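J.: Before anything else, here's the structure in question.
Protein chains: 2
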Amino acid sequence: MGQPSLMEANAFTEAPDGPSAAGSTANFPLPSARSALGGTPWLDRVPAATLDRLADLAVLHRVPSGSTLFEQAEIPSFAQLLVSGSVALLGVSGTAETLIELVRPIDLLLPAAVLNRQPFLARARVLEEAHLVLIQAEVFRDALATDHALCLAVLGCLATQFRRQIKLAKTLKLRSAEERVGCYLLGLVQEAAPGVPVRLPMEKRFIAWQLGMARETFSRVLTGMERYGLHISGDVVEVPDAPPLRARFRLDPQIDGPEPILPFSPRRY
Amino acid sequence: MGQPSLMEANAFTEAPDGPSAAGSTANFPLPSARSALGGTPWLDRVPAATLDRLADLAVLHRVPSGSTLFEQAEIPSFAQLLVSGSVALLGVSGTAETLIELVRPIDLLLPAAVLNRQPFLARARVLEEAHLVLIQAEVFRDALATDHALCLAVLGCLATQFRRQIKLAKTLKLRSAEERVGCYLLGLVQEAAPGVPVRLPMEKRFIAWQLGMARETFSRVLTGMERYGLHISGDVVEVPDAPPLRARFRLDPQIDGPEPILPFSPRRY
DNA sequence: CATCGACCTTGATCTGGATCAATGCTGGGT
DNA sequence: ACCCAGCATTGATCCAGATCAAGGTCGATG
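Now the structure itself:
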C-alpha cells in the first residue's frame, strides 16, 4: 500500500454530513481503486477480472478526520472499503451517540447493510484521515452474485466482524471499567518487548470511548493502575514490573484475542 | 442455573426414521434433516442437490430445555440449524454469564465460528425445547465452497445476525431500562389488534435477561408502566389506552424493527 | 389439603461509573 | 512571547440499576 500522492487525490470528497457521492471521473493511475483492491489480503483469491470489474466504476477517496461518511438510516449507495486511517461507527438516537465499532484497515464498512439493501444502523465518522474505495452498491452486489470467490471472501470478512462485535459486547458486559482498561493495556504491552515503553495508539478519549467509559473514568483508572506496577505519563506507558499486572488482569482469548479476517478455506491447509 | 429435566441432560439423536445413521432416505412423513432444510425459506434458492448433500450425513436432534449445545471456546464440529424452540447464546467469563443473543428459528447458531474454523465465543443453552439439524462442519464448509447459491444464502443469514447484534448493542447503550421495557412492550402490543390483551412470549426472567437487566428491575419497571396506561397481571398485558405509551416511548426502526433473514438478490426484484 | 419448588414481587441498601465543574497542560497561530 | 482551543486531569456529587433479603403466588405432587 503505497502512500497516495496528493496529486491524484482529486477523488477527495468532503461531506461533513451526508453521503459522500461524487461524480468523479474514472480511476487514475497510481494509488488507484484497483491497486487498493489488489493489495487487500483477504481478497487474494478473487480473480483479477472480478477486481477489475469492481474497480471499474469505483473511486478512491481521501477523507479528512472528522468527516461523516454516511448517516444512520441512510440506504447504502456504495460498498466502502477502508484502506487506511480509521473510522468510528456510531449508533445514534436523538442527540446521543454511542460507539458501535472502530474500524481499521483493511475492512469493509458495514457490509451487512449493503448486502441486504437495508439502511445503515450507524453513522460513520472518520477518526484518522482515511482512504476509502467506494464501489457502487449495485456493482458490488452483482459481483457477489456472479463471483463465488468474492462471495466467500466477503463471507469471511463479515464473519470476522461478527465475532469482533461479540467480543466487544462481552468485554462491556462481563468486566468492570478497570478490568477493561487493564486488559487493554496488557494487550498493548505484551506485544512489545518487555521493559520497552509503549505509546497509546490513539487519543485517550477515543480509547475511552472504545472501552465504553467516560473519558474522566478512563483518566482516573489510568492513574489507578500504578497500583499494579504500571506508570503512565502522557501517552507513554511504562511497565517496570509486569507480574502484578498479569496477576490482576487475565487476558481471555475468547474476549481479547485478535480477530483477523481469514481467507475462507473449507479444510485446514 | 435451573434446569428442569437434568435427567436426560443431553440430546438424543433422532435419525430421521430408522435407527441407523446415514439415512439420506427421501421424504418421510416425520420431520427429517432433509425436510427441515427444504422448509427453510432463506435456503429456497439453494439447489436440491446441495441440500441433499448437506442432509446426507446430518441428523435432526430434539433437545430438551436446559441442555447445553456447546461450550464457549469449543471448536465447532457441526453447523447447527435451529428449526424450532429457542436457544440462548451466553458469553462466559469465570462463573459469570451474559446473554449475547437469543436465537429463534429458523437460524444458524454462530455460523461465524463454523466458517472461520474458530472457537465459539459463547455457550449455547436451550431455553425452549429445540429441534436442530446438525451438519458436519466439514461438509458444511465444503458445500459452501462448492455451491455459490448456498454461499449467498449464508451470507444473507450472517448479515442479518450482524445487524441484530448491532441493534442489541444500541438498545443497551442508548436507552434506559425503562425505555427498553417500554419499547419492547410497545413492539409486542402493536402487532396485535388494539385493545386485545397480549401475553408475554416467554418467562419474565428470560425477557429481563434479553433486555439486559436484573429480573427485579424488570419487575419494578413493569409495575411502573401503569403510569403510561398499561396494565400487567401475570403474563397478560392489557392496554386500555395506548396513546400515552406511544407518547413516552418512540420505536426507532434502526433499533426495534424486525430484522428478517433475506434471500440475497443483487437488484430489487 | 398440605408441602414443595419455581417464579415473581417488594423493600432496603449499596455502588460503579456518569455527570458537572474547575483547573492544568500543550501546541499552533499571529 | 502571548493567547486561545482542545485535550487531560482532578474533585465533588448524583443516580440508575444491581444486589441482598424476605415474603408472596401458583401449580404440581404425595
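First to last, the sequence lines map onto chains A and B. The opening position of the first sequence corresponds to residue 121 in the numbering used here, with each subsequent residue numbered one higher. The opening position of the second sequence corresponds to residue 121 in the numbering used here, with each subsequent residue numbered one higher. Every residue, glycine too, gets a C-beta built ideally from N, C-alpha and C. If you're wondering where the values come from, they're calculated on a predicted model, not measured in any experiment.
1. Taking 8 Å as the threshold (C-beta atoms), are residue 358 of chain A and residue 285 of chain A in contact?
2. Is the shortest distance between the beta-carbon of residue 376 of chain A and the beta-carbons of chain B less than 8 Å?
3. Listed in chain order, which residues of the segment 258-290 of chain A have Cβ atoms closer than 8 Å to some Cβ of chain B?
4. Please state if the CB of residue 170 of chain B and the CB of residue 263 of chain B are separated by a distance shorter than 8 Å.
5. Could you tell me the alpha carbon to alpha carbon distance between residue 355 of chain B and residue 208 of chain B, rounded to whole angstroms?
6. Please identify, using Cβ separations under 9 Å, the residues of the segment 292-311 of chain B that lie next to chain A, in order along the chain.
7. Would you list the one or two residues that DSSP bridges to residue 316 of chain A?
8. Should residue 362 of chain B be listed as close to the ligand NAD, given that the test is whether its C-beta is under 7 Å from any heavy atom?
9. Give the DSSP-derived three-state secondary structure of residue 141 of chain B in the structure shown.
10. Could you tell me which chain A residues have their CB closer than 7 Å to the CB of residue 338 of chain B, listed as they occur along the chain?
11. With respect to the alpha helix (DSSP H) encompassing residue 188 of chain A, which residues constitute its N-terminal and C-terminal limits?
12. Under 8 Å, do residue 289 of chain B and residue 233 of chain A count as touching if we go by C-beta distance?
13. Within a Cβ cutoff of 8 Å, which residues of the same chain sit near residue 280 of chain B, ignoring the five residues on either side of it in sequence?
14. What separation, rounded to the nearest whole angstrom, lies between the Cα atoms of residue 174 of chain A and residue 162 of chain B?
15. Is there at least one Cβ from chain B nearer than 8 Å to residue 211 of chain A's Cβ?
16. What's the gap between the Cα of residue 335 of chain A and the Cα of residue 341 of chain A?
17. List the residues of chain A that residue 386 of chain B touches, going by C-beta distances under 8 Å, in chain order.
18. I want to verify the contact list: residues of chain B whose CB lies under 8 Å from the CB of residue 111 of chain A, in sequence order.
19. According to the neighbour-count rule (16 or more other Cβ atoms, all chains shown, within 10 Å of its Cβ), is residue 361 of chain B buried or exposed?
20. For the beta strand (DSSP E) containing residue 358 of chain B, name the first residue and the last one.
21. Out of A:251, A:277, A:200, A:226, state which residue places its alpha-carbon closest to the alpha-carbon of residue 184 of chain A.
22. Comparing the C-beta of residue 372 of chain A with each C-beta of chain B, is any distance below 8 Å?
23. Could you give the DSSP three-state label for residue 327 of chain A: helix, strand or coil?
24. Please confirm whether residue 265 of chain A and residue 165 of chain A have their CB atoms less than 8 Å apart.
25. Residue range of the alpha helix (DSSP H) that residue 285 of chain A falls in?
26. Which residues in the same chain as residue 153 of chain B place their Cβ atom closer than 7 Å to its Cβ, once the five residues preceding and following it in sequence are excluded?
27. Within the 8 Å Cβ cut-off, does residue 193 of chain B reach chain A?
28. I need the straight-line Cα distance from residue 374 of chain A to residue 193 of chain B, nearest angstrom please.
29. Would you mind working out which of B:191, B:349, B:247, B:271 sits nearest residue 240 of chain B, comparing C-alpha positions?
30. Which residues bound the beta strand (DSSP E) around residue 205 of chain A?
31. Determine the closest residue to residue 276 of chain A out of A:203, A:377, A:231, with distance taken between C-alpha atoms.
32. When you compare the CB positions of residue 349 of chain B and residue 298 of chain B, do they come within less than 8 Å of one another, or not?
33. Below 8 Å on the Cβ atoms is my contact criterion, and I expect residue 225 of chain A with residue 203 of chain A to pass it. Report the Cβ-Cβ distance as a whole number of Å.
34. Identify, in the order they occur along the chain, each residue of the same chain with its Cβ nearer than 6 Å to the Cβ of residue 364 of chain B, setting aside the five sequence neighbours on each side.
35. I'd like to know whether the C-beta of residue 239 of chain A is nearer than 8 Å to at least one C-beta of chain B.
36. Have a look at the DSSP bridge pairing and note the partners of residue 343 of chain A.
T.: So, from the data block:
1. Taking the first sequence and counting its residues from 1, the one referred to as residue 285 of chain A is at position 165. Taking the first sequence and counting its residues from 1, the one referred to as residue 358 of chain A is at position 238. Contact: no.
2. Counted from its first residue, the first sequence places residue 376 of chain A at position 256. Chain B contact via Cβ: absent.
3. 258, 261, 262, 264, 265, 268, 271, 272, 274, 275, 276, 278, 279, 280, 281, 282, 283, 285, 286, 287, 288, 289, 290
4. One-based indexing of the second sequence puts residue 263 of chain B at position 143. One-based indexing of the second sequence puts residue 170 of chain B at position 50. The answer is yes: Cβ separation under 8 Å.
5. Counting from 1 along the second sequence, the entry for residue 355 of chain B is found at position 235. Counting from 1 along the second sequence, the entry for residue 208 of chain B is found at position 88. One C-alpha to the other measures close to 21 Å.
6. 292, 293, 294, 295
7. Locating residue 316 of chain A in the first sequence gives position 196, counting from the first residue. According to DSSP, residue 316 of chain A bridges with nothing at all.
8. Ligands displayed in this structure: none; no statement on the ligand NAD is therefore possible.
9. Taking the first residue of the second sequence as position 1, residue 141 of chain B is located at position 21. Per-residue confidence for residue 141 of chain B stands at a pLDDT of 38, beneath the threshold of 50, marking its modelled position as unreliable; the derived number appears in the next sentence. Residue 141 of chain B falls in the coil class under three-state DSSP.
10. Translated into the one-based positions of the second sequence, residue 338 of chain B becomes position 218. Within chain A, no residue comes near residue 338 of chain B; the closest Cβ sits about 16 Å away, beyond 7 Å.
11. For the purposes of this step, residue 188 of chain A is identified with residue 68 of the first sequence, where counting begins at 1. Per DSSP, residue 188 of chain A belongs to no alpha helix (DSSP H); it is in the beta strand (DSSP E), 188-190.
12. Walking along the second sequence from the start, residue 289 of chain B turns up at place 169. Walking along the first sequence from the start, residue 233 of chain A turns up at place 113. No, the pair does not count as a contact, with Cβ atoms beyond the cut-off.
13. Taking the first residue of the second sequence as position 1, residue 280 of chain B is located at position 160. Excluding positions up to five away in sequence, the list reads 379, 380, 381, 382.
14. Position 54 of the first sequence, counted from the first residue, corresponds to residue 174 of chain A. Position 42 of the second sequence, counted from the first residue, corresponds to residue 162 of chain B. Rounded to the nearest angstrom, the two C-alpha atoms are 27 Å apart.
15. Within the first sequence, residue 211 of chain A is the residue found at index 91, counting from 1. Cβ-Cβ to chain B under 8 Å: yes for residue 211 of chain A.
16. For the purposes of this step, residue 335 of chain A is taken as residue 215 along the first sequence, with counting starting at 1. For the purposes of this step, residue 341 of chain A is taken as residue 221 along the first sequence, with counting starting at 1. Using only the alpha carbons, I get a separation of about 10 Å.
17. Reading the second sequence from its first residue, position 266 is the one you call residue 386 of chain B. Within 8 Å Cβ-Cβ: 258, 261, 262, 264, 265.
18. The displayed coordinates of chain A run from 121 to 389. Any statement about residue 111 of chain A would go beyond what the structure contains.
19. Walking along the second sequence from the start, residue 361 of chain B turns up at place 241. Classification of residue 361 of chain B: exposed, given that the 10 Å Cβ count is below 16.
20. For the purposes of this step, residue 358 of chain B is identified with residue 238 of the second sequence, where counting begins at 1. 356-358 is the span of the beta strand (DSSP E), which, as asked, contains residue 358 of chain B.
21. Within the first sequence, residue 184 of chain A is the residue found at index 64, counting from 1. It is A:251 whose Cα lies nearest to the Cα of residue 184 of chain A.
22. Counting from one through the first sequence, the residue named residue 372 of chain A turns up at place 252. Answer yes: the Cβ-Cβ gap between residue 372 of chain A and chain B drops below 8 Å somewhere.
23. To locate residue 327 of chain A, count along the first sequence from 1; it is residue 207. Here residue 327 of chain A sits in helix by DSSP.
24. For this step, residue 265 of chain A is matched to residue 145 along the first sequence. For this step, residue 165 of chain A is matched to residue 45 along the first sequence. No. Outside cutoff.
25. Here residue 285 of chain A is taken as the residue at index 165 of the first sequence, counted from 1. Where residue 285 of chain A is concerned, the enclosing alpha helix (DSSP H) stretches over 268-294.
26. Against the second sequence, residue 153 of chain B aligns to sequence position 33. If we look at residue 153 of chain B and ignore the five residues flanking it on each side, its Cβ neighbours are 136, 175, 178, 179, 180, 253.
27. Here residue 193 of chain B corresponds to residue number 73 of the second sequence, with the count starting at 1. Yes, contact with chain A.
28. Here residue 374 of chain A refers to the residue found at position 254 when the first sequence is read from its first residue. Here residue 193 of chain B refers to the residue found at position 73 when the second sequence is read from its first residue. Whole-angstrom Cα-Cα distance: 7 Å.
29. Here residue 240 of chain B refers to the residue found at position 120 when the second sequence is read from its first residue. Nearest C-alpha to residue 240 of chain B: B:191.
30. In the first sequence, the residue the question calls residue 205 of chain A occupies position 85. Its beta strand (DSSP E) spans residues 198-213.
31. For this step, residue 276 of chain A is matched to residue 156 along the first sequence. Checked all of A:203, A:377, A:231; the closest Cα to residue 276 of chain A is A:231.
32. Along the second sequence, read from residue 1 onward, the residue named residue 349 of chain B stands at position 229. Along the second sequence, read from residue 1 onward, the residue named residue 298 of chain B stands at position 178. Contact flag unset, no.
33. Here residue 225 of chain A corresponds to residue number 105 of the first sequence, with the count starting at 1. Here residue 203 of chain A corresponds to residue number 83 of the first sequence, with the count starting at 1. With 8 Å as the limit, residue 225 of chain A and residue 203 of chain A qualify as a contact, their Cβ atoms being about 6 Å apart.
34. For the purposes of this step, residue 364 of chain B is identified with residue 244 of the second sequence, where counting begins at 1. Closer than 6 Å at Cβ, skipping near neighbours: 348, 349.
35. Locating residue 239 of chain A in the first sequence gives position 119, counting from the first residue. So yes, residue 239 of chain A belongs to the interface.
36. One-based indexing of the first sequence puts residue 343 of chain A at position 223. According to DSSP, which records beta bridges pairwise, residue 343 of chain A is partnered with nothing at all.
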